[in-house]
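Asks:
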Amino acid sequence: MTTEARTFTDALPITRVPRTGLPTRAVVVGDPARASAVADLLDDTKEVSYHREYRTFTGTWQGTPVVVASHGVGAPGAILLFQELADAGVTTILRLGTAGAIRPGIRDGDLVIADAAVRDDGVTQQLIPAEYPAFATPEAVIALQRAARAAQAPYHRGVVWTRAAFQPGFLPLPGEAYAAAGIAAIEMELSALYVFASTHGLVAGGALVVDGANADELVDEDAPFSTGGYNPHRNVVAEGVDRGARIALDALRLLAATEH
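Using my numbering, the letters of the sequence shown correspond one by one to residues 9 to 268.
1. Thinking just about the alpha-carbon of each residue, which of Q160, D128, G213 is nearest to the one in G166?
2. Run the CB neighbour count on R115, radius 10 Å, all protein chains shown included, and call it buried at 16 or more, exposed below.
3. Indicate whether the contact test is met: 3 or more Cβ pairs, each with one atom in the segment 82-90 and one in the segment 19-39, closer than 8 Å.
4. Evaluate D118 with the Cβ neighbour count: other Cβ atoms within 10 Å of its Cβ, from every protein chain shown; 16 or more gives buried, anything less gives exposed.
5. For G108, is the classification buried or exposed, using 16 other Cβ atoms within 10 angstroms of its Cβ as the cut-off for buried?
6. Give the straight-line distance between the Cα atoms of P232 and A221, rounded to the nearest whole angstrom.
7. Can the beta-carbon of W69 be found closer than 8 Å to that of L198?
8. Going by alpha carbons, who is nearest to P240 out of L88, P21, D219?
9. What three-state label does DSSP hand D18 in the structure shown?
10. Check each candidate in A148, A45, L152 and name the one with the smallest Cα separation from T66.
11. Quick check on the burial criterion: 16 or more other C-beta atoms within 10 angstroms. Buried or exposed for A223?
12. Shortest alpha-carbon distance to D48 belongs to which of T28, A77, P31, Y62?
13. Roughly how far, in whole angstroms, is the beta-carbon of F143 from the beta-carbon of Y202, given that I think they are within contact range, below 8 Å?
14. Indicate the three-state DSSP secondary structure (helix, strand or coil) for H208 in the structure shown.
15. Rounded to the nearest angstrom, what separates R171 and T64 at their Cα positions?
16. Thinking C-alpha only, which one of G113, A138, A151 is nearest A265?
17. Can you give the beta carbon distance from A200 to V168, rounded, assuming they're within the 8 Å contact cut?
Laid out in structure tokens, this is it:
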């Protein structure tokens with residue numbers, strides 16, 4: 009990979025992504041190291057910016073130009089990336105993340121394709137009334153599902169819970185009600201993407217690799233505010249993330265093909 013130096017005047021202020029010249033389709037992830045790993049799957053890869061948690065690459069996937077960028081942990085910071093990618097001309101954003109399983113039958117390493125998200129993200133409530141839904145673009149969901157089927161990957165569709173707090177605190181939570189309602193998984197950024205995309209005319213979708221049960225079920229009784237046995241650093245998760253990255257990139261290719 010090569011890194012291109014950018015001056016302040018031709019880079020956006022928070023993420024330092026270039027103001028012009030990016031491909032219109034992007035995969036976003038939380039971890040900058042994961043962004044690098046996904047970018048390694050591309051041809052003609054270039055690192056175009058790296059500032060704070062925001063690391064951005066361009067390249068091509070099977071002939072389709074794409075962006076791969078990281079947004080860090082949590083929706084308030086992630087939505088800054090979504091805004092600046094849109095400012096730079098990106099019109100399609102797929103989030104590849106990790107999540108805790110809630111619905112029975114979803115295993116570590118499986119993919120959850122999110123039709124919609126519960127808006128407990130800590131930022132969109134300050135942008136638009138709570139009654140506004142967080143929903144994926146149907147075409148993005150279909151493309152992700154097609155790519156997962158083609159890869160013969162274990163996947164599930166459903167609603168996910170985007171929650172700002174990772175660890176449990178002092179307040180009672182609606183986890184049991186969400187489980188009874190069939191919520192598939194819990195994560196931290198997707199509802200912000202869906203609200204931002206739908207209010208700005210963008211295409212958005214999310215594919216989440218399961219890395220364990222949700223954090224509230226992993227509490228150590230001797231240390232009730234720790235995350236207990238949570239361990240995402242396992243081979244089954246790493247294999248799922250690699251598989252999910254290829255599925256997300258292939259979904260971008262499928263979406264690009266429908267536009268011609």
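All C-beta atoms, glycine included, are put in the ideal place defined by N, C-alpha and C.
Replies: Looking at the coordinates:
1. G213
2. The residue is exposed, with fewer than 16 neighbouring Cβ atoms inside 10 Å.
3. yes
4. buried
5. With 16 or more Cβ atoms within 10 Å of its Cβ, G108 is classed as buried.
6. Note on P232: pLDDT 42, under 50, position unreliable in the model; the coordinate value appears next. Cα to Cα, the separation comes out at about 16 Å.
7. Not in contact: W69 and L198 (Cβ atoms no closer than 8 Å).
8. Of the candidates L88, P21, D219, the one whose C-alpha sits nearest the C-alpha of P240 is D219.
9. helix
10. A45
11. Any reading at A223 needs caution, since the residue's pLDDT is 47, under 50, leaving its predicted position unreliable; the model's value is listed next. A223 is buried by the Cβ-count criterion.
12. A77
13. 6 Å
14. helix
15. Distance between the alpha carbons of R171 and T64: 25 Å.
16. A151
17. Going by Cβ atoms, the distance from A200 to V168 rounds to 12 Å, so no, they are not a contact pair.
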